[in-house]
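Using the numbering used here, the first residue of the sequence shown is number 25, and each one after it goes up by one.
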Amino acid sequence: MVVERVFDVVADAAPEIRAGLPERRAKAASENVTGDEQLEADVWADDLLRDRFAAVDGVNWYASEEREDAETVGDAADGYAVAVDPLDGSSNVKSNNPCGTVVGVYEDPLPASGRSLVAAGFVLYGPITTMTVAHDGDVTEYLVDDDGRTDLGPVELPGDPLVYGFGGRVPDWTPAFESFVREVEDELKLRYGGAMIADVNQVLTYGGVFGYPGLESRPEGKLRAHFESMPMAFVVETAGGASSDGAQSLLDCSPDSLHERTPTFVGSESVIADLEAALPD
Ligand code: AHM
Ligand code: MG
């Protein structure tokens with residue numbers, strides 16, 4: 025029930041967040057704890073979601089990419105921790121490209137392993153606003169608007185991979201990763217938009233792989249385990265795909281701290297297996 029209420033909150037907040045973006049394209053003149061420049065929209069969406077989740081019985085902790093510590097917002101027995109990236113890919117707001125909201129529901133206080141996730145989902149602010157939720161072994165996509173949500177049906181990764189997209193500057197990739205990409209690009213079509221949610225949704229739609237690798241200058245990569253990598257891995261694995269940090273499923277990661285980053289790959293099982301074989305142990 026708590027999980028249902030969490031995603032009711034998300035479905036309710038999503039049209040509001042979307043409607044609030046046009047007037048919030050300015051920078052907030054602040055940085056979040058991991059040093060990213062924050063837009064006014066990042067801060068505003070974070071405050072809005074914090075207040076909504078705090079009102080849900082059974083949510084004990086609210087944690088977000090935009091705030092340093094997890095906040096205690098409830099005291100239910102067996103309460104959940106909700107980890108949120110309020111506006112993922114928010115640099116796309118300036119250029120009017122897609123962005124989204126990521127939500128992970130953990131049954132333990134954070135930091136926690138990916139195996140502690142009981143549900144995860146995301147909102148994609150694209151040509152239409154959709155919410156995709158993984159829970160109880162199924163992934164479902166919904167259309168969300170001011171009238172509520174409409175079930176658009178189950179999401180399953182297609183059998184044959186078609187698209188790929190990887191973050192980071194190519195000269196900053198490791199030689200092993202670059203050789204892997206050279207093989208991938210022989211077979212698949214490049215699709216990279218700079219917003220993980222939109223890029224992963226292409227993978228869910230067409231099959232393929234999305235990744236943000238460990239870089240020479242930043243071996244841990246860019247994406248944050250609790251807020252981005254593990255929730256998206258939970259969605260993709262539940263939809264029949266695979267995930268990896270380069271060596272193991274992202275769901276087997278156990279971050280030591282709230283804002284830890286990890287190399288992140290999600291997509292079709294065959295491509296993730298090739299990736300793990302190509303990267304050094
Ligand atoms: P953000 O949460 O600060 O928006 O950063 C995460 C985003 C992801 O959505 C996306 O995959 C990545 O940053 C893009 O980074 P880059 O601009 O280096 O390609
Ligand atoms: Mg973000």
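Using N, Cα and C, we set each Cβ at its ideal position, and we do this for glycine too.
Predicted, not measured: the structure shown is a model, and the values here were computed from it.
Closest Cα partner of residue i within the set the options
i, options, result
"residue 103", "89, 141 and 170", "141"
"residue 96", "216, 105 and 165", "105"
"residue 288", "271, 34 and 60", "271"
"residue 49", "80, 224 and 117", "117"
"residue 204", "218, 41, 300 and 80", "300"
"residue 115", "123, 59 and 134", "123"
"residue 110", "181, 250, 231 and 245", "250"
"residue 234", "242, 266, 83 and 210", "266"
"residue 298", "230, 211 and 280", "211"
"residue 273", "206, 213 and 138", "138"
"residue 239", "198, 256 and 254", "198"
"residue 101", "259, 132 and 121", "132"
"residue 268", "283, 282 and 290", "290"
Proximity below 8 Å, CB of residue i to CB of residue j
i, j, result
"residue 129", "residue 146", "no"
"residue 248", "residue 285", "yes"
"residue 148", "residue 222", "yes"
"residue 303", "residue 190", "no"
"residue 177", "residue 165", "yes"
"residue 218", "residue 186", "no"
"residue 167", "residue 228", "no"
"residue 161", "residue 262", "yes"
"residue 64", "residue 55", "no"
Closer than 7 Å: residue i CB and nearest the ligand AHM heavy atom
i, result
"residue 254", "no"
"residue 88", "no"
"residue 145", "no"
"residue 188", "no"
"residue 113", "yes"
"residue 246", "yes"
"residue 170", "no"
"residue 291", "no"
"residue 236", "yes"
"residue 191", "yes"
"residue 43", "no"
"residue 220", "yes"
"residue 162", "no"
"residue 109", "yes"
"residue 75", "no"
"residue 223", "yes"
"residue 60", "yes"
Discussion item. Please give the ranges of any beta strand (DSSP E) in the segment 184–232, keeping only runs that are unbroken, at least 3 residues long and fully inside the region.
Written reply: 187–190
**Any beta strand (DSSP E) of 3 or more consecutive residues that is wholly inside the segment 269–293** = 288–291, all fully within the segment 269–293.
**Request:** Run through the segment 122–168 for me and flag every whole alpha helix (DSSP H) of 4 or more residues, listed as ranges in chain order.
**Result:** none
Which residue spans inside the segment 51–135 form an unbroken beta strand (DSSP E) run of at least 3? 51–55, 61–63, 83–88, 104–112 and 123–130
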